[in-house]
């Protein structure tokens, strides 16, 4: 039987949109652990934010941060050498091999400032205090500080109609950057979740042979990831609807909001 690999978004998918709890998904998470299925977090969140949830989940697998900007591989995880590593990260508990796919944060901040000078009413995480971000995103101060410690991607808020949004996106493209949307708008380089997922899929194939891949998401920034796997799954958003922008081949629509839908979809697939 082919080995399963599961990729998952966090906010609004494995984590409840408002409470950031994954409790409704515990039965499926336990089954994944019992079957030794790698669970790869692929999120717009930062390394520190993802590490926080990896610890809660007792997860020791690679992860993808900031919308595909960086791939973090625990030291010794793959028994073979991994190319294209740019730098290593050491902290008290972990050492990672890091593959940089995204832009440099300083360049993204410069682009945000240029947009502001051009009259666009954008406000990035780098423009906010931790207190402001905590209130905006329903986080505590520590979580907001982790969310502000960015490397590859800058989330921002912008209030405007569809025409104004398109003008903003055109201005971002003219500066050589890309954009995507999840809970917030994001400006980023030539990276996305799908490119990072493909790299890890290739590494897992080298490690395990034939594999079957699953991915779960809820927002447009998940589309590149969903397009790269065998079983793409979307969960319902907090209002009970599915995101209408997500239309990929063989899409599975989970019956439930966020982690509840996550749980049902994974259990259904694993018990087939």
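In this note's numbering, the protein residues as written are 56 to 327.
Glycine included, every Cβ here is placed at the ideal spot set by N, Cα and C.
Bear in mind that the values here come from a model prediction, so they are computed numbers and not experimental data.
Classification of residue i by the beta-carbon crowding that lies within 10 angstroms, buried from 16 upward
| i | result |
| --- | --- |
| residue 115 | exposed |
| residue 199 | buried |
| residue 276 | buried |
| residue 326 | exposed |
| residue 186 | exposed |
| residue 89 | exposed |
| residue 93 | buried |
| residue 123 | buried |
Other residues of its chain near residue i: CB distance less than 7 Å, five sequence neighbours each side excluded
| i | result |
| --- | --- |
| residue 262 | 133 |
| residue 68 | 271, 272, 273, 290, 313 and 317 |
Whole-angstrom distance between residue j and residue i, CA atom to CA atom
| i | j | result |
| --- | --- | --- |
| residue 109 | residue 280 | 20 Å |
| residue 259 | residue 220 | 39 Å |
| residue 126 | residue 271 | 18 Å |
| residue 202 | residue 101 | 6 Å |
| residue 266 | residue 302 | 24 Å |
| residue 78 | residue 105 | 17 Å |
| residue 137 | residue 87 | 26 Å |
| residue 268 | residue 151 | 23 Å |
| residue 264 | residue 153 | 23 Å |
| residue 118 | residue 128 | 7 Å |
| residue 306 | residue 81 | 23 Å |
| residue 178 | residue 135 | 43 Å |
| residue 328 | residue 312 | One cannot answer for residue 328 here, as it falls past the ends of the chain, which runs 56 to 327. |
| residue 166 | residue 217 | 21 Å |
| residue 83 | residue 168 | 43 Å |
| residue 71 | residue 322 | 18 Å |
Distance cut-off 7 Å: residue i Cβ against heavy atoms of the ligand ZN
| i | result |
| --- | --- |
| residue 113 | Of ligands this structure carries none, so the ligand ZN is not represented either. |
Residues near residue i in its chain [Cβ-Cβ closer than 8 Å; skip 5 each side]
| i | result |
| --- | --- |
| residue 236 | 274, 275 and 276 |
| residue 189 | 195, 196, 198 and 199 |
| residue 309 | 271, 288, 289, 290, 291, 316, 317, 319 and 320 |
| residue 73 | 193 and 293 |
Nearest-angstrom Cβ-Cβ length linking residue i and residue j, presumed shorter than 8 Å
| i | j | result |
| --- | --- | --- |
| residue 204 | residue 103 | 6 Å |
| residue 37 | residue 170 | Because the chain is modelled from 56 through 327, residue 37 falls outside the range shown and cannot be assessed. |
- Could you say if the region 167-179 and the region 248-266 meet the contact criterion of at least three C-beta pairs nearer than 8 Å? no
- Check whether the region 94-102 touches the region 61-75, counting contact only when three or more Cβ pairs, one atom from each stretch, lie closer than 8 Å. Remark: three or more beta-carbon pairs, one from each stretch, lie closer than 8 Å, so the region 94-102 and the region 61-75 are flagged as touching.
- Report yes or no: do three or more beta-carbon pairs, one from the region 233-241 and one from the region 205-215, lie closer than 8 Å? Look at the beta carbons and you see the region 233-241 touching the region 205-215: at least three pairs across the two are nearer than 8 Å.
- Task: Examine the Cβ distances between the region 161-172 and the region 224-239 and report whether three or more of them are shorter than 8 Å.
- Result: yes
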